[in-house]
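Numbered per the working numbering, the sequence shown spans residues 498 to 596. The beta-carbon is built from N, C-alpha and C at its ideal position, and this holds for glycine as well. As structure tokens, the structure follows; a few thoughts come after it.
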Amino acid sequence: MLLTDKYADKIHGIITCYDRMIIQGYIPNWSHAEAMTAYMKLNGIRIFDYPTSFSQPLTEQVRQNAEKIAHENGMEIEFIRKLHAFRKDDRIQNIIAET
Numbered sequence: 498m499l500l501t502d503k504y505a506d507k508i509h510g511i512i513t514c515y516d517r518m519i520i521q522g523y524i525p526n527w528s529h530a531e532a533m534t535a536y537m538k539l540n541g542i543r544i545f546d547y548p549t550s551f552s553q554p555l556t557e558q559v560r561q562n563a564e565k566i567a568h569e570n571g572m573e574i575e576f577i578r579k580l581h582a583f584r585k586d587d588r589i590q591n592i593i594a595e596t
């Protein structure tokens, strides 16, 4: 099931693009240092364990979900290691020409 089908009653529009999107917002309970500190203490997460016990597993979940969605929709995710290796606009034009 597509996300657009699953949440159709909550979606007011769809944006389609070939480039990146920046989604801004905040998680209310984590929006400032004291709140994040309280969350970590409440859940027994030590500051030095944060990368391995919290952020890395969450990052992995997001990555796997993105790959799953791309696969289900016949799309490919292209990882670009060097930010300035080439012009993104040129790459987008190549992708459009290939389809």
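Rounded separation between residue i and residue j - CA only
i: Ile511; j: Arg584; result: 26 Å
i: Tyr523; j: Glu595; result: 37 Å
i: Glu564; j: His529; result: 30 Å
i: Pro554; j: Gly541; result: 16 Å
i: Phe576; j: Arg560; result: 11 Å
Continuous alpha helix (DSSP H) stretch holding residue i: start and end
i: Pro548; result: Premise fails: Pro548 is in no alpha helix (DSSP H) and is neither H nor E.
i: Glu595; result: Lys585 to Glu595
i: Lys538; result: Ala530 to Leu539
i: Thr501; result: Leu500 to Lys503
Beta-carbon proximity check, residue i vs residue j, cutoff 8 Å
i: Ala582; j: Glu573; result: no
Selected residue, minimal CA-CA separation from residue i, among the options
i: Met498; options: Asn591, Leu580, Phe576 and Asn570; result: Asn570
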